[in-house]
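In my numbering, the protein residues as written are 310 to 560. Quick reminder that beta carbons are idealized off the backbone N, C-alpha and C, glycines included. To keep things clear, I will list the structure first and then write my remarks on it.
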């Protein structure tokens, strides 16, 4: 019988497509788990080198010309207000992708909120507020779970909100969310997120291990709402289906 008139051919083709999709989903899930483990281990390994890395990366002579200004601008993708601007621009310029805005918002802002909540449990002095002559990185910590010291005006002290880096968590979450919608530009998003994390170290806002902890949080939260096989992704898939017919995630 000719394959052109063989009905089993179409069933076989559909089965192959389904198998490939499941295989890609499993690979992406495994890659996400591997990244979570890698970033968690990196945060632990970097911690003993926090003092040396912070002093070296913050050296002014290491960043000639406008390089420091460029790093400063990269903070935009790591700030909640910057994320809101990105979402407004997406809404205005790419109407076909509006249904993905909740996913991007949850991935980015959710990661930042989680990191900020964790700050309330762990008081660590920022590099900028730490004595330059300190020789033991453990001195930067207050007692775990005692919370951040409160100033006289009733607000939590900025100096003790070093761990983890909420800016970095937000930037990584935003990169993951945008990569889900515009996969062909994912490297641009992650490079910007990486520069945003570097900016936090260079400007002495966070220790390197704080930034790696932010990367870990952004990867966990972002993956929970973008990787197939997670409850968050399952929920957002159905939300997007309700908002409108899902379109291709590729640009």
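Exercise. Buried or exposed: residue 429, going by 16 or more other Cβ atoms within 10 Å of its Cβ?
Worked result: exposed
Exercise. Identify the residues that DSSP records as bridge partners of residue 433: which are they?
Worked result: 450, 470
Exercise. Should residue 472 be flagged as near chain B, meaning a C-beta pair shorter than 9 Å?
Worked result: Judged by its chain identifiers, the structure shown contains no chain B, having just a single protein chain.
For this session: Using alpha carbons as the reference points, say which of 343, 394, 363 lies closest to residue 514.
Result: 363
Problem set entry | Residue of 552, 548, 511, 541 minimising C-alpha distance to residue 380 | 511
Exercise. Is residue 505 helix, strand or coil by DSSP?
Worked result: helix
Problem set entry | 6 Å Cβ shell around residue 498 - same chain, five flanking residues per side excluded | 484, 487, 488
Exercise. Near residue 550, which residues of its chain fall below 6 Å by C-beta distance, leaving aside the five closest residues on each side in sequence?
Worked result: none
Exercise. Going by beta carbon distance, what residues of the same chain come within less than 8 Å of residue 337, once the five residues before and after it are set aside?
Worked result: 536, 537
Problem set entry | Check whether residue 384 and residue 505 have beta carbons under 9 Å apart | yes
Exercise. If you draw a straight line from the C-alpha of residue 281 to the C-alpha of residue 402, how long is it?
Worked result: Look at the range of the chain in this structure, 310 to 560, and you will see that residue 281 is not part of it.
For this session: Take the Cβ of residue 542 as the centre, count every other Cβ of all protein chains shown within 10 Å, and call the residue buried at 16 or more, exposed below.
Result: buried
For this session: Let me know if residue 405 comes out buried or exposed under the rule of 16 or more other beta-carbons within 10 Å of its beta-carbon.
Result: exposed
Exercise. Would DSSP call residue 549 helix, strand or coil?
Worked result: helix
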